[in-house]
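Here the structure is laid out as structure tokens; the discussion comes afterwards.
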Amino acid sequence: MGVSCILTDIAKGNVYKSRINAQWSEDNTHFWYRNDLAKGHREFVLVDMDKGMRRLAFDHKKLADALSKISQNQVEAHKLPIDGLSFDLSNDTVSFRAFGRFFICELKTHVLTQLEKPKNVIKRRKSETEDPNNNKERKPRSYRPSREMSPDGNWRAFIRDHNIFIRATEGEEEIQLSKDGKDRNPYQDPYWAPNSKKLFAFRVQPGSIGDVHLVESSPKGGGRANLRTRRYPLPGDKFTTHELNHFDVEKKTHTKPEVGIIDFRAPRLRWTQDGRHFRYQKIDRGHQRFRVIEVDTVTGKFRNIIDDVAKTFIWTEHPKDLGVPLVNWLDETNEIIYLSEKDGWRHLYLIDVKAGKIKNQITKGKFVVRYVDWIDKEKRQIWFRASGLNEAQDPYLMHYYRVNFDGTGFTALTQGNGWHNITYSPDRKYIIDQYSRVDMEPVHNLRRVSDGSLVCELEKADITELEASGWKAPEVFRANGRDGKTGIWGIVARPKDFDPKKKYPVIEDMYAGPHDSYVPKQFSAGRRFSSWTDMGFVVVKIDGMGTANRSKAFHDVCWQNLKDAGFPDRILWHKAYAEKNTWYDISRVGIHGGSAGGQSSTGALLFHPEFYKVAVSSCGCHDNRMDKASWNEQWMGYPVGSHYSASSNIDNAHRLRGRLLLIVGELDTNVPPESTLRLADALIKANKDFDMIVVPGGGHGGGGRHGDRRRKDFFRKYLLGIEPPNYNLAN
């Protein structure tokens, strides 16, 4: 079989009406947009918000005839060469530009008049995607202390001989504030109070972080190999600690608050305006306690404004972007909006700073707050996105909501079974709501922001041409997980020439990093996994327990147990699908992944070889003690214990069954390549057979074109029984 057989076809059908680029009127009563259609055709649509009406903007045929006559050009109705439209609905006219000239058209008669100057030429008013406050005037930021200059400009702080000094900006006066700074315990980072009378600084105890070494075997310029070395903190390494020190400039006193040493991350301080208190966030190493601490500089005492404790982990490191920090200060009202999973779901809480207590839980229920678009301090409202409220829908589908700070006024801005993306009108009274699923083309509706009610339906994407090209949507499938009740969701992509009478081997595209979920949820005209399905494989992607964006209990499965990777749920999902589809051959299941997916795909053959038969693992983190501390301690905890070994592919290499291909780039700056090399060493010592590719100059990835070809050949050989072609023949 020739090499060309592995090349993939690309879907060659266009999708129409998949986007709306609304052009809003100055008075926000209407907007127009253009639909680009098949064969180069186009249509213009007008939407009247007051009437809740969508219609063709004008009679395209009559306008084409009138434009042909006045311009002496042949104009086709379905290819009107016009732009810059501006509608005057009170006078029932539209002005536009065509052939370098400006015209006005009476919509009842379609009589055209050429204009000397453009009339009411539209100023393109951009819609506001997602953030309803994009164009509002921003208030000044709260006070942020200078690293050096005092706010009144009279003093400059600096470090000399490991101690902190201040020097007058006028004159020669200089004051040494600290005397206990040493080479191994220097002072750093002064923070001035707003009143310029006090400052804080850290005295640090440097950690002991080791180096990671990369060997560039094949430099582009030739010659000797290059050694690349950099510091790389690993789980369990000794980190730099920070001791807080308070200096009263007027009294020339130096005190150490009773709050204790900060052993993880240097915090950012926030002074109160009166200069008496400062506050900071503290994450305990191991991620099981998160606090917002206030220190009284007069008494030296401290209190916890927020004290969040978890038996597993608090998600503080590498979280999916939430739009806002975990802690959002409302200085005007002395409150905090805090995101926490304390009740088993990620929700918003209103904190009374003075009392140090929860004033009220803002959002509540079996759903997950996914992203905060805007905190409106004046109206005391939060605009946010969440998933899981609609019980009849896939729990990962994103919807938009608004709620008051006190938890009242909870309003769903979007409806419809799909993943939603919205665009606000310039006056923020309307949204264009676009939603889709992997198995459903985009739909557009116009909705009111006040209550989320439907104004009118706009468009549904036309995928006729795409489907005629042979494109098929993936199938969405749900099965119960290991507890017998929790939904596990995935998708299935079949070969283009699928025949239900045949038996098809299965490849699972694997990634189970706990920092997100990974099964696609939105429509795509691309042929997902086509490079695999065109070779005769069925490809699946599944989100098992231990990944994010579900309940805390769902997420907690990963805690100190990354080898789990949701495999008990994945295997049940495969079996449930096979029960309903006889062509789905679960006696031939392969799996591949990179990075954390590289760890998991190898783990499939170590911990679940009775089910998975073939694996290709790229740039894998095969032992969580050998990868970056920030990511691994978040999920595996601190201190490093025997649970790290239990999840280690290296320590469990002797368990290997099945066919394994390892791929690693020698210059991987994300996961050190020694992780893969030590796995290879352990496999060799255990007398196990495996294949391996080390890519000279390769980074964090799948090995480039060569790695991609070898990956495909590996699965073809061991799941389809097809020997790879001889690539070493002369061209």
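For the sequence shown, the numbering used here gives the first residue as -10, with consecutive numbering after it. Ideal Cβ positions, reconstructed from N, Cα and C, are used throughout, including at glycine.
- Taken through DSSP and simplified to helix, strand or coil, residue 675 comes out as coil.
- The residues 297, in chain order, have a CB closer than 7 Å to that of residue 331 in the same chain once the five nearest residues on each side in sequence are set aside.
- At the C-beta level, residue 170 and residue 192 come within 8 Å of one another.
- The Cβ-Cβ distance between residue 654 and residue 629 does not fall below 8 Å.
- If one requires a minimum length of 3 residues, the beta strand (DSSP E) runs lying completely within the stretch 384 to 439 are 387 to 393, 408 to 413, 419 to 426, 429 to 437, in chain order.
- Within 10 angstroms of the beta-carbon of residue 641 lie 16 or more other beta-carbons, which makes it buried.
- From the listed residues 243, 681, 413, 230, the smallest Cα separation to residue 372 is found for 413.
- Residue 5 is not a Cβ neighbour of residue 37, given a cutoff of 8 Å.
- For residue 43, the three-state secondary structure derived from DSSP is strand.
- Taking a cut-off of 8 Å on C-beta distances, the stretch 209 to 220 does not touch the stretch 247 to 264, as fewer than three cross pairs fall below it.
- DSSP, read as helix, strand or coil, puts residue 60 in helix.
- By alpha-carbon distance to residue 350, the top candidate from 97, 381, 335 is 335.
- Under the three-state reduction of DSSP, residue 328 is assigned to strand.
- In the structure shown, the three-state DSSP call for residue 138 is strand.
- Under the three-pair Cβ rule at 8 Å, the stretch 463 to 476 does not count as touching the stretch 489 to 506.
- Residue 362 and residue 420 have their C-alpha atoms spaced approximately 14 Å apart.
- In the same chain as residue 81, and ignoring 5 residues on each side of it, the C-beta atoms closer than 8 Å to its own belong to 95, 96, 97, in chain order.
- Here the alpha carbons of residue 610 and residue 600 stand approximately 22 Å from one another.
- Along the stretch 560 to 591, the beta strand (DSSP E) occurs as fully enclosed runs of 3 or more residues at 573 to 583, listed in sequence order.
- Inter-residue distance for residue 578 and residue 269 is about 50 Å (C-alpha atoms, whole angstroms).
- Take the alpha-carbon of residue 536 and the one of residue 544: they are about 5 Å apart.
- Listed in chain order, the non-local C-beta contacts of residue 223 below 6 Å within the same chain comprise 618, local neighbours out to five positions each way being set aside.
- Residue 270 is bridged by DSSP to 281.
- Residue nearest to residue 262 within the set 243, 188, 304 is 188 (criterion: CA-CA distance).
- Judged by DSSP in its simplified three-state form, residue 167 adopts coil rather than helix or strand.
- DSSP places residue 618 in the uninterrupted alpha helix (DSSP H) bounded by 618 to 625.
- Only buried fits residue 450, as 16 or more other CB atoms lie within 10 angstroms of its CB.
- Residue 166 and residue 153 have their C-alpha atoms roughly 6 Å apart.
- Taking all protein chains in view, the Cβ of residue 61 is surrounded by fewer than 16 other Cβ atoms within 10 Å, so the residue is classified as exposed.
- Counting along the chain, the unbroken beta strand (DSSP E) around residue 82 starts and ends at 82 to 87.
- In the three-state reduction of the DSSP assignment, residue 712 falls in the coil class, being assigned neither a helical nor a strand state.
- Per DSSP, residue 188 is one residue of the beta strand (DSSP E) stretching across 187 to 194.
- DSSP places residue 654 inside the beta strand (DSSP E), whose first and last residues are 648 to 654.
- Taken through DSSP and simplified to helix, strand or coil, residue 290 comes out as coil.
- Following the DSSP letters along the chain, one finds residue 631 in no beta strand (DSSP E) but inside the alpha helix (DSSP H) bounded by residues 631 to 635.
- Within its own chain, the residues whose Cβ lies closer than 7 Å to the Cβ of residue 522, once the five positions on either side in sequence are excluded, are 482, 483, 484, 485, 528, listed in chain order.
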